[in-house]
């Protein structure tokens, strides 16, 4: 009951409305995420993140076994949220954990992304230059082949012309 009460207080503080609306049959079964109420009201007190929805909805879960076991668990999840660490209220996924890692280490992430971009740009430029050089080499080889063919034809005509003069 204490965890549920704390969830209600947290919900009201952040959303500005109670989690259960007696006039709305949908919220009687399960409360709406606080972010949906904030979107309706166009009011945002704190920078919002889905993690807050997960934390609050876990604290407000109707099934007692699905709520936080202790107040300490709730406070630890809030501390994890504030430190940009993965929270326990949310189902774990690799993408979520990766996003949190990037959020915690923005400077290193930007540096790594810039390095990868430079590496890809360098690879692309070197590949294009290689292909251009290969094409020029092939054109040069064709030109040499055509030149030798023309030379052979000229020599043949010269021989025919000499033979004609001798005759």
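Residue numbers (this note's numbering): 351 to 517. All C-beta atoms in this analysis are idealised placements derived from N, C-alpha and C, irrespective of residue type, glycine included.
query	result
For residue 402, which residues of its own chain have a beta-carbon under 8 Å away from its beta-carbon, when the five flanking residues on both sides are left out?	364, 384, 385, 396, 431
In angstroms with no decimal places, state the Cα-to-Cα distance between residue 449 and residue 416.	25 Å
I'd like to check one pair, residue 437 with residue 405: are the Cβ atoms closer than 8 Å?	yes
Under 8 Å between the Cβ atoms of residue 367 and residue 387?	yes
Does DSSP put residue 479 in a helix, a strand or coil?	helix
Tell me where the alpha helix (DSSP H) around residue 427 begins and ends.	421-432
Between which two residues does the alpha helix (DSSP H) containing residue 439 stretch?	Unbroken run through residue 439: none, as it is neither H nor E.
For the candidate residues 422, 472, 446, whose alpha-carbon lies nearest to that of residue 399?	446
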